[in-house]
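First comes the structure, then the notes that go with it.
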Amino acid sequence: MTTEAIIESGMTFGPYPAGQCFYIEKSACYSKIQEEVQIAEFLLLQNKCELSSVVWVVEAKSSSPRPGTQPNFAEFIEAIRNKLTNGFLLGMAMRLGRHPNGLAELPEPFQKLDLRTASFRFVLVIKGHKEEWLPPLQEALSLVLKPIVKSWALPPTSVVVLNECGAQLHGLVLPVAKTAALC
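According to this note's numbering, the sequence shown holds residues 308 to 490 in order.
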């Protein structure tokens, strides 16, 4: 759907190779169902080799509450769970042709994705977060996504929380002079 960079939460994601990124948040299919349905920013297809594809369901945030600030932290985690889960489910529903024109809207590599062998990663990227702030978020998000991870027979490492530096190391975010010096 896009080879252009995606700017979300003050970070620049991509650009990615043609057909590897689907900006699901801006899709026609999502625009038809968006009322009361929160969704992740985009889906990114990473091909490790011809037999191994991984779809990253990516959500970006400019900040997050601390674990000690209840109920804000629990509400934040629940909102992220909803967005990642809904992004995953809508992407799969489109791939399976459950929505009119949904399959046709997906880039060709997503249309050809072998769902039997593909893996999936649920990724939260938080701008400006310190490395030591990530583990409590990782733990909480892994816990609430455990049912979908287990139902889809995914490895426990399928849930990832990154700061901007970590996202740069994974090739998700473009380096910015200010943050590149910190990474």
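For every residue, glycine included, the Cβ atom is placed at its ideal position computed from N, Cα and C.
Can you check whether the CB of residue j is closer than 7 Å to the CB of residue i?
| i | j | result |
| --- | --- | --- |
| Ile-433 | Ser-371 | yes |
| Phe-349 | Cys-336 | no |
| Val-361 | Arg-428 | yes |
| Gly-326 | Pro-416 | yes |
| Glu-311 | Pro-322 | yes |
Keeping to the same chain, check which residues put their C-beta closer than 6 Å to that of residue i; ignore five residues upstream and five downstream.
| i | result |
| --- | --- |
| Lys-453 | none |
By Cβ distance, which residues of its chain are closer than 7 Å to residue i, with the 5 residues on each side in sequence left out?
| i | result |
| --- | --- |
| Gly-317 | Ser-369 and Lys-434 |
| Ile-331 | Tyr-337, Ile-346, Ala-347, Phe-349, Leu-350, Gly-394, Leu-397 and Gly-398 |
To the nearest whole angstrom, what separates the beta carbons of residue i and residue j, a pair I think is in contact under 8 Å?
| i | j | result |
| --- | --- | --- |
| Glu-366 | Leu-391 | 6 Å |
| Arg-402 | Leu-422 | 7 Å |
| Glu-438 | Ser-334 | Glu-438 to Ser-334, Cβ: 33 Å. No contact. |
Along the alpha helix (DSSP H) that carries residue i, what are the first and last residues, could you check?
| i | result |
| --- | --- |
| Val-451 | 441 to 458 |
| Asn-470 | No alpha helix (DSSP H) holds Asn-470; the beta strand (DSSP E) holding it covers 466 to 470. |
| Leu-397 | 379 to 402 |
Just reading off the beta strand (DSSP E) that residue i is part of, what are its end residues?
| i | result |
| --- | --- |
| Lys-368 | 359 to 368 |
| Ile-314 | 313 to 315 |
Go through its chain and collect everything with a Cβ distance to residue i's Cβ below 8 Å, but skip five positions before and after it.
| i | result |
| --- | --- |
| Ala-386 | Gln-345 |
| Ala-400 | His-406 and Gly-409 |
Counting Cβ pairs, one atom from each stretch, are 3 or more of them under 8 Å apart for the segment 445 to 461 and the segment 377 to 388? yes
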